[in-house]
Every structure is written in C-alpha cells, then in structure tokens.
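Student: Please find one structure pasted underneath; my questions will follow.
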C-alpha cells in the first residue's frame, strides 16, 4: 500500500514567495524531557526527519531554544544538503534556564546574535522564515521586529514571522515590516486564537498552529470524537490534523513526533476528506475556550 504523502494537504505560498506543502513537521519533540537536552535516540530522530522529507514534508519548524541547540543541529545532520523545495523555519526570542523553563529576551542585539548562530548551525546562507518566538514585554515590539527587518534587508533572513501574538501586535509589527507567518496555540480543543486566525486569513498570512495534536481526552476510549474517528476509519489525532487543514487555507499544521510510525499516521491525515457535516460534528463535539 502506497503511503499518503504530505502533498495531499495542498500547497501554500508563505510570504507570496515560499511554496510549501501545507502539512509540515515540528521538531520540538526531538529533544529530551522538558524540551531540554538531546533525545534518548539521536539516530532515531534523524530517521524521523528523513522519513518526513521522503513523505513530502517541505516545511520544518524549529527553534534555537529547542534543547537548546539540539533540534537545529539534528535538522542539519538529517537533511543537509537541503533540497531546493525544503523550507526551514526557525525562531529566536526565548531563553532557557532548565527543563520546561522559558524566558523571553527580545533585545535587538540578542535576536541578531541568535540569527547568526542559527545560520551557522543550520549551515545556510539565508534563513527562509525567521520567527520572533515571543514578544518581550520589556522591549518595544517595533525594536524587536525592526531588528528582524534589518536582518532581512541584509539578506540573512528572507521572511519574518511572529509567535503567540494578538491581532493588535500583528498590526504593530506589520507597520514595521511585512509579516509572513503567525504561530499561535490552536487546535480542535483550544480555539482561543480564532480572531488571530481570521485576521491572518484576511491578510494572506500563514497561520502555523503549535500544539496541533493536543487531543488530550479526545484520544481516550469513549472520548467525544471516538465515534466519528471510527466511522471515518481514522484515529482521533488524524481527525485533529484533518480538521485543521479544512479549517482555513492559510493553516499550516506542524505535528511533531519522535516515532516514524506516528509520523506516517500523521502525514496520512493529509489524505483524509471531511464533509461539511463531519467538520460541523467535530467542531460541536469538542468544547473550546474562546
């Protein structure tokens, strides 16, 4: 049986210039517990990344803080020299003090330093999509995005993205530089970023939902979508991904996993067709904070 490829998810043009298959891959789970330190099986992580590329994944999302300095080197080891159609999106702006500890730092000199580090670690001359991992409340957003614009003007990054922002912050950033992507928490069980998603769709900005498989109780026996999943011969996780892909044409889910088997299951969601009735049933079956 031929494996379903990420191509089945459709295409999106990030920043009107970077074509990617809409179903991508996030690298956060390729680290140790608490997103701290290396994975227990680095060779297994490399196999997952290479299999993702084989299955047509062209958008790989990562960050300097994953590990820290673990996920980016794994990407280089697995995928360099990079295929022409492969897009690596990395992030800077969160520092690490230990497992599950994250502190925003958005000082321009720090963001520039981390961009230079990512260029060297990934082994690229230009970062296709460089995202501000968090807005530092102690630094004017204009200064943070302004430094990314300077890096773009110097040719070190091609496109600028944001993470965990409000509509107001997106507009503040857009007054400084074009914004190609927004990465906010969003999934079937938590749709609190609905206004941000609608704003991105209205302006053609890629919306990259992190934590896309936060199914929690959804995946448990007797969960609210178990019957729907059984009827469609799918898993709850596949339904969660398919629901995201159907929700908006600007949606670029990046489910991550450290298992080749789970990766193949996730990518298979790209071929799952949902009717309007299926989508409505899924939406109504799961309550979400707004």
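Residue numbers (the UniProt record's numbering): 1 to 290. Built from N, CA and C at the ideal position, the CB exists for glycine as well. Computed from a prediction, not measured in an experiment: that's the story for all the values here.
At which residues does the alpha helix (DSSP H) containing residue 146 begin and terminate?
Tutor: Here residue 146 corresponds to residue number 146 of the chain shown, with the count starting at 1. That run of the alpha helix (DSSP H) goes 141 to 153.
Student: Going by CA-CA distance only, name the one from 163, 164, 173 and 227 that's closest to residue 149.
Tutor: Residue mapping note: residue 149 aligns to position 149 of the chain shown, counting from 1. Cα-wise, what sits closest to residue 149 is 173.
Student: Name the DSSP beta bridge partners of residue 102, please?
Tutor: Here residue 102 refers to the residue found at position 102 when the chain shown is read from its first residue. Paired residues: none, contrary to the question.
Student: Verify the contact flag: residue 133, CB atom, against every heavy atom of the ligand ATP, threshold strictly below 7 Å.
Tutor: Questions concerning the ligand ATP fall outside what the structure shown contains, since it holds no ligand whatsoever.
Student: Please report how far the alpha carbon of residue 12 lies from the alpha carbon of residue 197, in whole angstroms.
Tutor: Translated into positions along the chain shown, residue 12 becomes position 12. Translated into positions along the chain shown, residue 197 becomes position 197. In a straight line, the C-alpha of residue 12 is about 15 Å away from that of residue 197.
Student: When burial is assigned at 16 or more other CB atoms within 10 Å of the CB, is residue 140 buried or exposed?
Tutor: As a first step, residue 140 must be located in the chain shown, where it is residue number 140. Burial call: exposed.
Student: Taking a contact to mean a Cβ-Cβ separation below 8 Å, would you say residue 182 touches residue 205 in this structure?
Tutor: For this step, residue 182 is matched to residue 182 along the chain shown. For this step, residue 205 is matched to residue 205 along the chain shown. Result yes, Cβ atoms of residue 182 and residue 205 sit closer than 8 Å.
Student: Taking only runs that begin and end inside the segment 50 to 92, name each unbroken alpha helix (DSSP H) of 4 or more residues, in chain order.
Tutor: Within the segment 50 to 92, the complete alpha helix (DSSP H) runs of at least 4 residues are 71 to 79.
Student: Give the range of the alpha helix (DSSP H) segment to which residue 236 is assigned.
Tutor: Here residue 236 corresponds to residue number 236 of the chain shown, with the count starting at 1. Its alpha helix (DSSP H) spans residues 236 to 247.
Student: Tell me whether the beta-carbon of residue 179 lies closer than 8 Å to the beta-carbon of residue 160.
Tutor: Stepping through the chain shown from its first residue, residue 179 is reached at position 179. Stepping through the chain shown from its first residue, residue 160 is reached at position 160. Cβ distance < 8 Å, so residue 179 and residue 160 count as in contact.
Student: I'd like to check one pair, residue 45 with residue 23: are the Cβ atoms closer than 8 Å?
Tutor: Here residue 23 refers to the residue found at position 23 when the chain shown is read from its first residue. Here residue 45 refers to the residue found at position 45 when the chain shown is read from its first residue. The answer is no: Cβ separation not under 8 Å.
Student: Return the chain-ordered list of same chain residues with a C-beta closer than 6 Å to the C-beta of residue 102, the five sequence neighbours on each side being excluded.
Tutor: Reading the chain shown from its first residue, position 102 is the one you call residue 102. Around residue 102: 94.
Student: Does DSSP put residue 209 in a helix, in a strand, or in coil?
Tutor: Taking the chain shown and counting its residues from 1, one reaches residue 209 at position 209. Three-state result, residue 209: coil.
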